[in-house]
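Below: one structure, written as structure tokens.
Protein chains in written order, with my numbering: chain A, 551 to 807; chain B, 28 to 317.
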């Protein structure tokens, strides 16, 4: 036994045979995919196709019925959320829930206190307020404007979504999962967030984006995966994927051509 | 008469605040209403008594052991019971209430009834303010209530664990995404709540006898203060303690002493009719806006 030499690089995230059954409903069915480091994977599909369940499975909010999840070659299947975060996977939620009573920048203090951040910073937390304000500037809060100091409860939706992004970045993750970050935002707001995500990519972050805004997603995604009824029905480059008959049927109904 | 009523009103308020603090802390953080709270209170009272009289352990050590034991009991309740039914408030109430009943009635079963179950006073003696005599034990209750409030404030506002406590209290889901272990924090909040019940017990019980019925009374008083102040709100607890504490003392001194118990029940009724979330609760505001 043994003696195999790994020629293939271990992908950052590997999902194998992942299945989740809620009661009688199969939300995610036998899903397989690999995500190499530094890639941006777009996940699309009609409502109820299992996209958010997939995110919940990877981040530990939901325990899989069957299957396996590996991060950097280490099995993390069924780990609780706080441990998954410690490994370097962070996420955003479609419905944002900041700490409404805290000022926007103070919302970032909690993740900046995490053991992971301390470890990565060499055992010291540093000046968290300053780091928080820098992070907010990175996601488009105007520097020196009052907005960073406003209570999160008083911010408009556009800023709340940016804050959500900043929160996930504050944990200094290797993999960021963005669950419908663009939903509820205007075209202009989406256009202003796209460059922030592109910048994260150039910094080497691996990203999974669940999106309904296909146009913007296809501009920045390296690969796209299409789900329908909990199954992966296509995966590849955006243009190729949209040519697949299954995808056309799922998205447009059978009238396609 | 008035000066005396004011001073004893303050002491009574401090007692109520001490009683409610632990219950409120656990609820505020993990959302678990620990109805075994009164049982933990008398459990620690009887523990100290047993350590003192059966094992002959010095008073201060007996007190410390009882506080630690109560904290451990909180952990055991959390991991043994709450964790299995977490997120189902009615089950949490029933399970903890049942457990509390079992603990308290077990003491009755083993004949822990009677006037011999008393704890010695920490500092004997008294002093007078004007014409009012006040003993050191009551003075100490007031001081400990203030000191604990300050400690809890510092803990929740200036330590990492305290921050995690507050994060969980505000939004468990968000806290989870920040890498906070919600179950561990919940268990700690339960342990801390029970330890606070024990601290309240060891400073308050020397004023009277340790009785099983006391456990039920403690639970009602803690509930009254928390409901009036708004569950989970520290400021609310302090204000409600003062309101109910002074009302009780005034009722006892100017009306009839045995009407005292009615005050907290009436207060609960009024608040539930007028402002069900309590005077200082943020619960409603925090609900999802989007």
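C-beta atoms are modelled at their ideal positions from N, C-alpha and C, and glycine is treated no differently.
As the structure is a prediction and not an experimental result, all values here were calculated from the model.
query	result
Against chain B: residues of the stretch 659–673 of chain A by CB proximity under 7 Å	660, 661, 663, 664 and 666
Chain-order list of residues whose beta-carbon lies under 7 Å from that of residue 589 of chain A (same chain, five-residue window excluded)	756, 772 and 773
Residues sharing a beta bridge with residue 584 of chain A, DSSP	A/564
Assigned secondary structure, residue 755 of chain A (DSSP; H/G/I helix, E/B strand, else coil)	coil
Neighbour list for residue 207 of chain B in chain A, Cβ cutoff strictly below 7 Å	632
Beta-carbon contacts of residue 43 of chain B that lie in its chain and below 7 Å, excluding the five residues immediately before and after	248, 252, 268, 271 and 272
Segment contact, 8 Å Cβ cut-off, at least three pairs: the stretch 676–686 of chain A with the stretch 204–220 of chain B	no
CA-to-CA distance, residue 57 of chain B to residue 196 of chain B, given in whole angstroms	6 Å
Residue 726 of chain A, DSSP secondary structure in three states	strand
Cβ of residue 304 of chain B within 7 Å of any chain A Cβ	no
Interface residues of chain A facing residue 214 of chain B [CB-CB closer than 8 Å]	In chain order: nothing, as chain A lies at least about 14 Å away.
Min CB distance residue 655 of chain A to chain B below 7 Å	no
Touching by the beta-carbon criterion (3+ pairs, under 8 Å), the stretch 162–169 of chain B and the stretch 227–235 of chain B	yes
Under the three-state DSSP convention, the category residue 695 of chain A falls into	coil
Chain A within 7 Å of residue 196 of chain B, Cβ atoms only	no
Buried/exposed call for residue 74 of chain B, threshold 16 Cβ in 10 Å	buried
Those residues which DSSP pairs with residue 622 of chain A across a bridge	Answer is none; residue 622 of chain A lacks a bridge partner.
Span separating the alpha-carbon of residue 215 of chain B from that of residue 49 of chain B	12 Å
Cβ distance (whole Å) where residue 182 of chain B is taken to contact residue 212 of chain B below 8 Å	With 8 Å as the limit, residue 182 of chain B and residue 212 of chain B do not qualify as a contact, their Cβ atoms being about 13 Å apart.
Length of the line joining the Cα atoms of residue 569 of chain A and residue 776 of chain A	16 Å
Segment contact, 8 Å Cβ cut-off, at least three pairs: the stretch 727–744 of chain A with the stretch 659–675 of chain A	no
C-alpha gap between residue 664 of chain A and residue 760 of chain A, whole angstroms	26 Å
Whole-Å CB distance - residue 239 of chain B paired with residue 307 of chain B, under 8 Å assumed	Not quite, the Cβ-Cβ distance comes to about 33 Å (not below 8 Å), so this is no contact.
Cβ neighbour criterion (16 or more within 10 Å) applied to residue 208 of chain B	buried
Secondary structure of residue 81 of chain B, DSSP reduced to three states	coil
Backbone CA spacing between residue 71 of chain B and residue 634 of chain A [nearest angstrom]	39 Å
Sequence-distant residues of its chain with Cβ nearer than 8 Å to residue 651 of chain A (five each side left out)	701, 702 and 703
Buried versus exposed call for residue 119 of chain B [16 or more other C-beta atoms within 10 Å across all chains shown]	buried
Min CB distance residue 31 of chain B to chain A below 7 Å	no
Contacting positions in the stretch 211–236 of chain B - beta carbon closer than 7 Å to chain A	none
Residue 780 of chain A beta carbon less than 7 Å from that of residue 578 of chain A	yes
Proximal residues, the stretch 712–723 of chain A versus chain B, C-beta separation under 9 Å	717, 718, 720 and 721
Buried or exposed by the 16-neighbour rule on C-beta atoms within 10 Å, applied to residue 711 of chain A	buried
Inter-residue CB distance, residue 778 of chain A and residue 574 of chain A (contact presumed, cutoff 8 Å)	Their Cβ separation, rounded to whole angstroms, is 18 Å, which puts residue 778 of chain A and residue 574 of chain A out of contact at 8 Å.
Those residues which DSSP pairs with residue 572 of chain A across a bridge	A/575
Secondary structure, beta strand (DSSP E): runs of 3+ residues fully inside the stretch 759–784 of chain A	773–778
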